[in-house]
Structure formats: structure tokens, C-alpha cells
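In what follows, a single structure is set out as C-alpha cells and then discussed.
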Amino acid sequence: MLSPAFAAASTSPIGWALAIAAAIAYAIPALAARRLQEPSARLGLRAAWALHLAAIGWSLVGDMPHFGFAPALSVTAWLVLTVYVVEQQLYPQLRSRWPLSAMGCIAVLLAGVYPGSPLHVNASPWLPLHLALGIASYGLFAAAVVHAALMTRAERQMRQDGSHDSGLPLLALERLTFRFVTAGFILLSATLLAGWWFGEALYGKAWVWNHKSVFSMLAWLTFAVLLVGRKRFGWRGQRAVNMLYVGATLLLLAYVGSRFVLEVILKH
Numbered sequence: 047m048l049s050p051a052f053a054a055a056s057t058s059p060i061g062w063a064l065a066i067a068a069a070i071a072y073a074i075p076a077l078a079a080r081r082l083q084e085p086s087a088r089l090g091l092r093a094a095w096a097l098h099l100a101a102i103g104w105s106l107v108g109d110m111p112h113f114g115f116a117p118a119l120s121v122t123a124w125l126v127l128t129v130y131v132v133e134q135q136l137y138p139q140l141r142s143r144w145p146l147s148a149m150g151c152i153a154v155l156l157a158g159v160y161p162g163s164p165l166h167v168n169a170s171p172w173l174p175l176h177l178a179l180g181i182a183s184y185g186l187f188a189a190a191v192v193h194a195a196l197m198t199r200a201e202r203q204m205r206q207d208g209s210h211d212s213g214l215p216l217l218a219l220e221r222l223t224f225r226f227v228t229a230g231f232i233l234l235s236a237t238l239l240a241g242w243w244f245g246e247a248l249y250g251k252a253w254v255w256n257h258k259s260v261f262s263m264l265a266w267l268t269f270a271v272l273l274v275g276r277k278r279f280g281w282r283g284q285r286a287v288n289m290l291y292v293g294a295t296l297l298l299l300a301y302v303g304s305r306f307v308l309e310v311i312l313k314h
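In this note's numbering, each residue's number is its place in the sequence shown (first place is 1) plus 46.
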């Protein structure tokens with residue numbers, strides 16, 4: 047919970063303009079992927095990425111800053127796209143533009159429809175850092191999931207015809223996947239530690255074992271087992287990927303799932 051009180055929220059006209067502009071910019075490389083030449087497609091995706099950042103920034107520092115499950119998903123999608131933009135500089139052959147553009151388009155529009163709850167004016171000055179750590183861990187695990195999906199597809203294609211079109215060698219995909227898992231685990235650990243140690247300063251109450259805390263701890267334990275299993279027992283392939291998916295799902299349920307129920311189903 048971001049604040050003890052919730053109010054009806056609506057996206058401002060400027061916020062909507064930025065969200066729609068970003069969605070259109072994402073839709074162009076997604077829908078016209080085969081018609082656009084590579085330089086034009088990259089330019090379109092980077093323009094969408096910049097507009098998405100502007101929409102996120104306005105939601106957090108605009109007339110009335112808001113946050114909730116949809117903005118969390120929007121920031122997560124933007125972080126995944128940031129990783130993709132950086133990786134394309136290192137691996138120009140990487141091919142994931144269409145699904146990532148579609149993800150960005152959906153995420154930025156969803157944040158416009160469900161902007162979340164106003165951030166409490168009396169919130170701790172450490173709250174933005176706590177939220178940033180949590181959302182950054184979401185982004186890193188989401189990037190790990192994307193790379194794991196590419197790795198699974200590459201393995202399937204190699205079994206079928208001996209080749210794959212992900213744009214990266216299979217071992218490189220695997221290394222990147224678990225680097226993201228490791229970095230995400232470190233940030234998730236810092237987030238949980240801060241919530242436990244500074245819970246009263248951050249939210250006005252000490253750590254409580256609610257559904258968000260339980261799902262977060264289950265996700266943390268799942269990722270810890272995955273990393274230990276990979277380090278000590280050499281877990282690889284589909285077993286490791288499946289455990290990553292389980293941990294990511296638990297983490298998604300921890301904040302995004304609970305906020306979705308409160309904001310959309312219960313309208314609290």
C-alpha cells in the first residue's frame with residue numbers, strides 16, 4: 047500500500063497526450079515491422095521509448111503524482127525496453143522488436159486508464175527510493191523472463207531444424223538471463239530488507255505479514271533456490287527457466303496483483 051488513504055484517480059490531459067503519443071510510436075514498429083527498414087524501425091522504437099519515459103515522468107511529478115499496479119507495469123515495460131535498446135548496441139542482430147513494442151504500447155495505455163492512487167503528501171522521503179528499488183527489481187526479472195523465453199524458443203528451433211533466429215548465441219542468452227536474475231535478486235533483497243527495517247518510517251506501520259509480504263518472500267525464496275541450484279548443482283535448461291517463471295509470477299502477484307484487486311476489482 048502506498049498510502050493510508052485512496053482517492054479516485056484520473057489521468058491528466060497532458061498525461062493522456064503523452065501516453066497516446068507513446069502508444070502510437072510503439073504501434074508503428076510493431077505493426078509495420080516487415081515494411082520498415084532497420085534504421086527507421088530503430089528510430090521509431092527509440093522515439094516511443096523517449097515518449098514513454100516522458101509519460102512516466104509526468105505521472106510521478108505532474109500536477110498530482112500517482113502510482114499503482116498499471117504504472118508499475120508501465121515502468122517495468124520501459125525498463126525492459128531500456129535493456130533491449132542497450133543490448134541492440136552490443137548485439138545488432140537481436141530480434142525482439144515486435145513483441146516488446148506491443149508490450150510497451152499496452153503498458154503505457156493501461157497506465158493511462160488506471161493511473162493508480164495519489165502519493166501521500168506526508169510520505170517518507172525514503173519512499174521514492176524504496177519504490178525505485180522494487181520497480182527496478184521488477185524490470186530486471188522481467189528482462190530475465192524475456193531472455194528466458196528467447197532461450198526456450200531458440201532451443202526448440204535447434205531441436206527442430208538445427209538453427210534459431212533469436213539473433214544471439216544460445217549460451218549468450220543463458221548468461222544474460224541469469225545475470226538479470228542475479229541483479230534482480232540483489233535489488234529485491236534490498237527492497238525487502240528496507241521494507242522490514244524501515245517499514246514504520248516508510249508506510250507508518252511496522253512490517254506485517256499480508257498477502258504482499260507473503261508473495262514477495264515466496265518469490266525471494268524461489269529465486270534464491272534457483273541461484274543456489276544453478277551455482278552448486280548446475281541447473282540449466284527448462285528446469286531453471288520454469289523456476290524463473292514461478293518466481294516472476296509470485297513477484298507479480300505480490301504488488302501488481304494485490305494492487306489490481308484493490309484498484310480494479312474492489313475499486314478501493
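Virtual Cβ for every residue (Gly too), placed ideally from N, Cα, C.
- Looking at Ala-118, Ile-74, Arg-205, Ile-60, the one whose alpha-carbon comes closest to that of Leu-299 is Ala-118.
- Within the region 103-149, not a single complete beta strand (DSSP E) segment reaches 3 residues in length.
- Judged by DSSP in its simplified three-state form, Pro-164 adopts strand.
- Taking all protein chains in view, the Cβ of His-257 is surrounded by fewer than 16 other Cβ atoms within 10 Å, so the residue is classified as exposed.
- When Cβ pairs closer than 8 Å are counted between the two stretches, the region 150-162 is seen to touch the region 64-73, the count reaching three or more.
- Straight-line spacing of the CA atoms in Ala-190 and Val-131 works out to 15 Å.
- If you draw a straight line from the Cα of Leu-146 to the Cα of Leu-106, it is about 23 Å long.
- For Trp-255, no alpha helix (DSSP H) encloses it, and the DSSP letter there is neither H nor E.
- Going by beta carbons, Ala-101 and Gly-162 fall outside the 9 Å limit.
- Bounds of the alpha helix (DSSP H) holding Ala-229 are 216-243.
- Taking the C-beta atoms as reference points, Ala-286 is found nearer than 9 Å to Leu-272.
- C-alpha of Met-197 to C-alpha of Leu-216: approximately 6 Å in a straight line.
- Judged by DSSP in its simplified three-state form, Ser-58 adopts coil rather than helix or strand.
- Buried is the label assigned to Leu-127, since at least 16 other Cβ atoms lie within 10 Å of its Cβ.
- A direct Cα-Cα distance of roughly 9 Å separates Ala-73 from Trp-144.
- Note on geometry: alpha-carbon atoms of Gly-241 and Arg-205 lie some 45 Å from one another.
- The DSSP-derived three-state label of Ala-65 is helix.
- In terms of Cβ geometry, Tyr-184 and Val-302 form a close pair [threshold 9 Å].
- Counting along the chain, the unbroken alpha helix (DSSP H) around Val-292 starts and ends at 283-298.
- Within the same chain, and ignoring the five residues on either side of Thr-122 in sequence, the residues whose Cβ sits closer than 6 Å to its Cβ are Tyr-184, Gly-185, Ala-188.
- Of Leu-312, Pro-75, Leu-238, the smallest CA-CA separation from Ser-262 is found for Leu-238.
- The alpha-carbon separation between Ser-235 and Arg-81 amounts to approximately 44 Å.
- When rounded, the separation of the alpha-carbon atoms in Cys-151 and Ile-70 is 7 Å.
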